[in-house]
Structure formats: structure tokens, C-alpha cells
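See structure below.
There are 2 protein chains.
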Amino acid sequence: MSDSGKTKYYVLMEELKKEIISGDKKPGDRLPSENQLSEVYHISRHTVRKALSILEQEGYIEAEHGRGTFVSRKAGRKKGSGNIAVITTYLSDYIFPRLIQGIDQVLTENGYSIIIKNTGNSRLKESRCLEEILEKDVDGLIIEPSKSEILCGHRGLYDKLDFYKIPYVFIQGYYAQMKSKPHIRLDDCMGGYLVTKYLLDLGHEHILGIFKADDSQGRDRHKGFVKALQESGFSYDPDMVIWYHTEDRSAKPSEALKIMLEEKIPVDGIVCYNDQIAFEVIKTIQKEGISVPEEISVTGYDNSFIAENGMVKLTTIAHPQDRLGAMAAELLLEKIHGIPDEESRVERLLKPVLVIRESCKDRRKNQ
Amino acid sequence: MSDSGKTKYYVLMEELKKEIISGDKKPGDRLPSENQLSEVYHISRHTVRKALSILEQEGYIEAEHGRGTFVSRKAGRKKGSGNIAVITTYLSDYIFPRLIQGIDQVLTENGYSIIIKNTGNSRLKESRCLEEILEKDVDGLIIEPSKSEILCGHRGLYDKLDFYKIPYVFIQGYYAQMKSKPHIRLDDCMGGYLVTKYLLDLGHEHILGIFKADDSQGRDRHKGFVKALQESGFSYDPDMVIWYHTEDRSAKPSEALKIMLEEKIPVDGIVCYNDQIAFEVIKTIQKEGISVPEEISVTGYDNSFIAENGMVKLTTIAHPQDRLGAMAAELLLEKIHGIPDEESRVERLLKPVLVIRESCKDRRKNQ
DNA sequence: CTTGTGCAATGGTGCGTACAAGTTATAAAT
DNA sequence: ATTTATAACTTGTACGCACCATTGCACAAG
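Note that the protein sequences, when read in sequence, are chains E and R.
Mapping of the first sequence onto our numbering: position 59 corresponds to residue 59, and the numbering continues sequentially without gaps.
In our numbering, each residue's number is its place in the second sequence (first place is 1) plus 1000.
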């Protein structure tokens, strides 16, 4: 027992630490009680407590009053700020709340706090957000790219994130040049396919598509739209698609549609980029004296609150945004803990589901 | 020295910490020796050492063997993290998005970032949030109290905020014992008055009120409800009010109402705590084969999205949540910049506005 | 089967003591 | 005047004791 040169509490502390690090004592294991240690090592309880207090302070162990002292479950250790940034395009009441709920649930459970930022779907603002994030110390980043279909002009900032080893996860969309970066999103191609196929199966023959041009979701939904048409033997007609951008989202779709209706271009079904546009469309159609779904069927996307509770119950695509958020958070935690992609257990692509309500009519002649 | 309730070492620790933070003891200053402290505070040296060890661990002081204990040179940090915490009850899609938008607009403009937390309207979680906030360094706090009508059981945490000079602003409700603290809210009493008066003016004579019991908003709206009734010469009948709590919000109101309807208790108008409840109520009424508003009028509160777009267009109370958020943020900025209340230019009480739609019917016989 | 009660074990607080070890001022010795 | 020894401080280590608060469990009571 001649560990001379060192103090008694230090010897005990090192001994216990060694057992924990070596894996001899596993996380959750109970240490001998203070009195037992005191007896075994022939030192006073006070000295044992001193040793334990150091280990507790360093996060190796956790004492529980009345129960015992246990090896810390997360002996791995945190050193970060405990903050994780979430950058979305909008803080609207559309899908943001459900998304953030999912993220919050996972991160709060794991002791992290959420810093929110929004870009207003503007690249300039996204840059500013990233710069601010870099100045503060965050442990990770969940980001919904702004205008993901346009070439990403500030890769430099993402390189900096890599440089500082701040993990990040894309949600909803992704930049084409950064496909290899972790991202979680909905299978929008499949979603676009599902609604279009549904209309086709109901016997629609003049289907109009309205899509957003400046994000990957819009492009993907359009892809599914085209795929469904071609599978059913229809040739793809670019004139039967209205594209719009973030900036003209409140005017363009309705106006373009109005013109088409007034020109009597035959339309019996409309696939919309999302529920909001679908309602704009429905309002426009009704103003023209045309009824939904009797004369024109309309589909939405997102299964938002309005889809269920609006004046016309929308047939739409459901995708659990809260799950998407939770998955993104989990994936980010994996990254933070250094788990490589191969061992990842987080799904990356959510399957959309068609929700059938009352905004589409069966136009098949017989059957 | 009746700091009873706390441990001795904790009391001493806080005392010393206070002296350091307040600037009473400056960096480099020497603290009294352990024996001196032990004598002055009438506690043993061992206990003094425990207090000092905590301060040392937290970086406030540094002990030098044989020389003394000194205030850490880098104790006076505080550069401002640029983070502001926002604690709400829920992250739902009900009013949270508009609120956070208003807050975000003001704070982002001023270079701050927002850390969001939510309490699920639970006191326990609120405590945890506050503790986390205290550990991180935030420059300020905007908080929506949970169950504000119930006695605030953790003033200690708010005292700590005061102690660390972290300004905070209450929104929506406030704790009765903390009325003097800055808070921004809607004039809920007036709101309750407005809807009730409206129903009375339309000739309703059997008005039922449904209110939430565990927050100040519910109490205030009820106050306005009673005021309007009494002004119109109706005696207040407690049986014509249904109270519910956060926990039974999804069941209680509907069930209680259903029983009343089945017992044929005359009701021709219902004042609801908010739009969500109003819709629950409408669904319940319709299930009983009674029509809204022909037989029973229903009013909501909040002018949320569903009020405008739901199956019945709700007459409700509009209050710009984004403005409330923006005002709270501005008031908080004033506090951070040390502007005293007298010079404040931020309004504290928002006036609600009645929005008339289609959920109430004029029941006056003639005119 | 549930509920309450008492007991033993555990960590938490607090006190007292003693000695070790580093620092500093001062007095004594050179 | 310089050096040296010493006393008087300081913090650090170590032991022992007493009591409190919480927990888990066995056992009794309902």
C-alpha cells in the first residue's frame, strides 16, 4: 500500500477512474458505498468523499441520495454549449410549429437548447444566419435550405462549419452540390406521384400542375407529377404546369390560373404545390363560378390544419413534420456523438401518404 | 442570520458570490482567510472550505497554498452572449407562431438570437427551463407563465434571475405575487366583456361561459364576462359557467356542455375561452342536433386561423400576437439597456378588438 | 391485493480536531 | 547590511463523530 508521493484521495480517485474508463465498471453500475470504500481502502469516509466529489465534478459518477453512487450514464462527457441552432425558411403557422415540436422533443430530452433563426427564404439572410451561428458556439445545426433549387452561392460558410467540426443536417430540401451531406426529407417525388396518380385513376384527363420553382421540393413534386402522367400514357405538356417563385407566390398562381380558365383551356384536376396554394386556387376557381370538386378536382400537399378544417376538405399528402423534425434531431445527435453514417439508425427519407377527403371527384364513366 | 432552509455552506457561497459579482470584491482581491470566515459566520472551517470549493470550481476564486484565496482575475466576464430565451407554454400552431414572429423580428433586427423553450404548461418543466437558462448565459428572458393563476411556487428561481441581473418580461399572463414585474398582455377583461356585451346586445338571455381556470387569462376573461352580464342587469349565475383546467381541456368542456344540453337547460349563446374550445363546442352542439348559430350562438377568442377558415366562421376577439411579441421584445431590450420604467415607451396592455363573423345570430324580437 | 409502518442502508451536512505544507514578516545571528 | 531561523499566518490533507433526508425493503395491517 505504498502509493507514496500521492495523496490518499488522489490514489482512490485514480483507481476508480481507471475502473470506469477501462470498462470494468460500466455506466449505470453502482459503486461500493462510501463506508465500504472507507473500510476497504483503510481511509476515512471523509477522504472517500473527497475522491468521489472529484469524479462527480468531472462527470464520471453521479451520487443519488439514499440509493448509492453510480457510474454516469454519459461518462463520454459534454463540453459543448448545449445549444443547437435550427434555421428554417419561415416561422409561419403552416408547418413550422409541428417541425419544431419534433425537434424540441428530442433535443430537450437530451439536454440541448434550441436557437431558432429564419431566412425568409432569402439567401442573403441565410448567409447572415450562418455567420451569427459561427460566432456563437453551437453544438450542431439543423437547416432548411432557402431556395434550394438555385445554386448554392455560399458554400464557403458551410466549409467553415466543416472546419470547426460543427455538424449539420439539412431538412426538407438540399443543395444539389451538397447531396452527400446528411439530409432528411420527404420523398417529394413519390408525393407528387401519389396525388397525380390518384387523379388519373379517378379518370381525370386534363391535369394542371402548380409548382414552386425555387426549391427542391417543388422540383421533386413536379418530377413525380410527370412520372405519373407518363406511366398512364399521357404526354407531358409544359403548358399544363404553372411555375411560381417565393416572391410571387401570393399573386402568380391565381392570376395564371384565372387566365387559363377564362381562355377555356380544359382543366378537370389541379395538383397544387401545397395546401395554401390549393386554397388560393379553390378561391380563384369559385370566383369564376366553377365548383370544386364537381367540375375541377384540387389536391393539396402537407395535410396542414386548413386541409382538414377548411371550407373544402382537401385531398392532400400527409407527412408527419414532427417526425421529420425528430429524425433530424436524432441524426444530428448521432453526428455530434461521432457515430459514422454506416452505423446510423436514422431513416433519411420519409414516405408520404395520400389522405383522401372531398376535393376530388370520380370522373370515370362506368364502373 | 436567518437564512434558514438553505444549507450553511450554500449561504456562505452565495454571499461571497454576491460580493464578487456586485463588484464589492474586485478581481485580485484577497478573501478573508478560512479561519476568519469560520469565525465571522460561526461555522466550522470545514464548512467554509466546502463553500469555497464550489466557488473555485465555478471559477470565481483561486486559492494559493500558503498565501490566501483570491478573486479570480477573469471572474468579471459578461460580454453579453447575444442570446435571449423565450419560454412559452406550447409550441403549437395555435398562437405561438405569430407570437414568435413578432419577437423574432425585433430581436433579429437588434442582433440577438432566440433560444426557445416550452413548458407544456407544467410548473415542473418551467423550473427546469429556468434552471437551464441560468446555466447558460442569456441576456434576457421572455416568459409566458405556466398556469399563471396558481400560486407561483418557485419564486426563488426568479429571484436568482434578479440576482444575476438577467432582465425578464412576462407575456400573456403574470403571477399574482409578481405584478410589479414587467409584463405585456392583452386586456383580457375587456375582451371577455366585448364578446359577452355583443351577445347581450343581440338579445341573448341565456349565455353560458366556458373558461380556463388555471391561468390569469381565463380569470380575466371571466371577469369581463361577469361585468357585461351585470351591466345589462342579469344576475350572475355560477351554474352558467364551465371551468376547466389544462389537463382536462380536451374532454371536460364538451362533456359538461353535453350534459347541460341533454338536461334541456336553456342556452342561447356560449362565450368560449378560445377558438379551439369554440370549435369543440360547435362540434358537440351539432352532434346533439342543434344548429349554430340559428339556435345557439358561439364566440371564440384569439382570431386564429381556424376562426376565419373553419366550417363556421367564428365571431371572435382579435389580438395581434405578433405585435404582442414585438412589444415584449422591445420592452426587454429597454430593460437590457437599463432604461427605467418611467422612461419606457412601450405599451403594456393591448386592446382587443371584436371580429364579427357568422357564429352569432341576432335574437332581438323587433327593431 | 393494497396500504402503511418501521428499519437499515445510503448519501448529505456539519462540527471538532490534528497535522502537513507553503508563504511571509520579523527578529536574531552573522 | 545580509543571511538565517523562527513564528505566525495561510491553504491542504486526513481522521472521527453526530445527525439528517431519502430510499428500498420486509413485514404487518387493512
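All C-beta atoms in this analysis are idealised placements derived from N, C-alpha and C, irrespective of residue type, glycine included.
- Residue pairing from DSSP places Glu-1062(R) in a beta bridge opposite Phe-1070(R).
- The beta-carbon of Ile-142(E) is placed no less than 8 Å from the nearest beta-carbon of chain R.
- For Glu-1205(R), no chain E residue has a C-beta closer than 7 Å to its own C-beta; the minimum C-beta separation is roughly 31 Å.
- The alpha helix (DSSP H) runs lying completely inside the stretch 1096 to 1130 of chain R and spanning 4 residues or more are 1096 to 1109, given in chain order.
- A residue is called buried when at least 16 other Cβ atoms come within 10 angstroms of its Cβ; Pro-1352(R) meets this threshold and is buried.
- Chain E places no beta carbon closer than 8 Å to that of Pro-1145(R), leaving this residue out of the contacts.
- Interface annotation, Arg-1323(R): not in contact with chain E, CB-CB separation never under 8 Å.
- The beta carbons of Ile-296(E) and Gly-269(E) sit closer together than 8 Å.
- Here Asp-248(E) is exposed: its Cβ has fewer than 16 other Cβ atoms, across all protein chains shown, within 10 Å.
- With distances taken between CA atoms, Pro-1032(R) lies nearest to Arg-1067(R) out of Val-1011(R), Arg-1067(R) and Val-1271(R).
- Contact between the stretch 1152 to 1170 of chain R and the stretch 1260 to 1268 of chain R is not established, with fewer than three Cβ pairs separated by less than 8 Å.
- The contact set of Asp-1302(R) on chain E, defined by CB atoms closer than 8 Å, is empty, because the minimum CB distance reaches about 12 Å.
- Look at Arg-98(E): its C-beta is under 8 Å from a C-beta on chain R.
- C-alpha of Leu-186(E) to C-alpha of Phe-1163(R): approximately 47 Å in a straight line.
- For Asn-274(E), the number of other beta carbons within 10 angstroms of its own is at least 16, and it is reported as buried.
- Burial state of Tyr-112(E) is buried, judged by a 10 Å Cβ sphere holding 16 or more other Cβ atoms.
- In the structure shown, Arg-30(E) adopts extended strand secondary structure according to DSSP, grouped into three states.
- Contact of Ile-1115(R) with chain E is assigned, a C-beta pair being separated by under 8 Å.
- Its chain contains Tyr-236 as the residues whose beta carbon lies nearer than 7 Å to that of Gln-230(E), once the 5 sequence neighbours on both sides are disregarded; these appear in chain order.
- Here the stretch 1187 to 1204 of chain R does not lie against the stretch 1250 to 1261 of chain R, with fewer than 3 beta-carbon pairs under 8 Å apart.
- Taking the C-beta atoms as reference points, Met-13(E) is found nearer than 8 Å to Ile-54(E).
- In this structure, Asn-1118(R) sits near Tyr-1090(R), with a CB-CB distance shorter than 8 Å.
- At a cut-off of 8 Å, the C-beta of Gly-1310(R) has a neighbouring C-beta in chain E.
- As summarised for the stretch 168 to 210 of chain E, the continuous alpha helix (DSSP H) elements at least 4 residues long and confined to that stretch are 188 to 201, given in chain order.
- Annotation for Gly-269(E): the continuous beta strand (DSSP E) segment containing it runs 269 to 272.
- In the assembly as shown, Arg-1219(R) is a buried residue. Its beta-carbon has 16 or more other beta-carbons within 10 Å.
- When C-beta atoms of the stretch 309 to 317 of chain E are compared with those of the stretch 356 to 365 of chain E, three or more pairs fall below 8 Å, so the two segments count as touching.
- Rounded to the nearest angstrom, the gap between the Cα atoms of Gly-192(E) and Lys-1147(R) is 44 Å.
- Considering only Arg-1128(R), Gly-1140(R), Ile-1020(R) and Asn-1121(R), the residue with the shortest C-alpha distance to Gly-1338(R) is Gly-1140(R).
- Remark: C-beta atoms of Lys-1026(R) and Val-1071(R) approach each other more closely than 8 Å.
- Secondary structure at Ile-1296(R): coil, using DSSP grouped into helix, strand and coil.
- In this structure the stretch 1098 to 1106 of chain R does not lie against the stretch 1121 to 1132 of chain R, because fewer than three pairs of beta carbons, one per stretch, are closer than 8 Å.
- Ile-95(E) is positioned such that its CB atom lies no closer than 8 Å to that of Ser-250(E).
- Under DSSP, Thr-1316(R) forms a beta bridge with Val-1355(R).
- Within the same chain, Cβ atoms closer than 7 Å to the Cβ of Glu-1056(R) are found at Glu-1062 and Ala-1063, the five residues on either side in sequence being excluded.
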